[in-house]
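Quick note: the sequence shown uses the numbering used here, first residue 45, plus one each step.
We put the CB at the ideal spot given by N, CA and C, even for glycine.
Keep in mind it's a predicted model, so treat the numbers as computed, not measured.
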Amino acid sequence: MAKSATAKTPARTNASNKSGLVKPSRAEAEAAVRTLIQWAGDDPDREGLLATPSRVVSAYEEWFSGYGRDPRDYLQRTFEEVGGYDEIVLLRNVRFESHCEHHMAPVLGRVHIGYLPRDRVVGISKLARLVDVYAKRMQTQEKMTAEIAGCLDAVLKPFGVAVVVEAAHQCMTTRGVHKTDVTMVTSRMLGAFRDQVQTRQEFLAAVGMRGNMTNGEAI
Ligand SMILES: [Zn+2]
């Protein structure tokens, strides 16, 4: 039997993840949901809630599936025959669903990704998958924006990368300050998009954003 992380925690049946944390068993995760139901004030044994812990844990497997995947894997297959194409490659309106790491509340939004290829391009569906790997983790929007840009930059080594994320945070729209129509916009500009105003403006105009976005800052 595997050793417990501490003397107090029950025996774990699942393997450690890559950060060295011991993953609880499914039964333990379901028990935690039962506790939350009770804490909210309801009876987890009433008929309508009996299967809820199991459903919640299954939903978590989907919402947080990004932990089991390496985003760089999606960018390994590239195409070098680009026919001399040396303009911006742009993917607009990549819809994503994530969860904020502060409240585990849904974050719903869109990502715009641009890059200036040096010698190769990647299939556009792979860019969408890249977004999903990072989105399917507990996130801050700022971190996710930087991670998407950083991964593209590291693997494709293009002349530049631009990522803009616009999202509504349900921790802000459905609780707390209840500002339902507020969205947050973050951006990360690397290489030519950071250094050349014209390239940056071309990208921002193409995604329908103008104005004086500063380098790599939330706007
Ligand atoms: Zn939050």
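DSSP state of Gln240 mapped onto helix, strand, coil: coil
Three-state class that DSSP yields for Glu74 in the structure shown: helix
Residue range of the beta strand (DSSP E) that includes Thr96: First-last for Thr96: 96-107, but that is the alpha helix (DSSP H), not the beta strand (DSSP E).
Segment limits, alpha helix (DSSP H) that includes Glu210: Glu210 -> not in any alpha helix (DSSP H); beta strand (DSSP E) instead, spanning 204-213.
Close-in-space but distant-in-sequence residues of the same chain around Ala95 (CB under 7 Å, 5 per side omitted): none
According to DSSP, residues forming a beta bridge with Pro150: His143
Coil, strand or helix - Gln183 by DSSP: strand
For Val241 and His156, believed in contact at Cβ under 8 Å, the rounded distance: Actually they are not in contact, since the Cβ atoms of His156 and Val241 sit about 18 Å apart, beyond 8 Å.
Close-in-space but distant-in-sequence residues of the same chain around Lys117 (CB under 7 Å, 5 per side omitted): Residue identity check: residue 117 is Asp in the sequence provided, not Lys. Answer for Asp117: no residue qualifies.
Rounded straight-line distance, which links the Cα of Lys201 to that of Glu191: 15 Å
Arg232 in three-state terms, based on DSSP: strand
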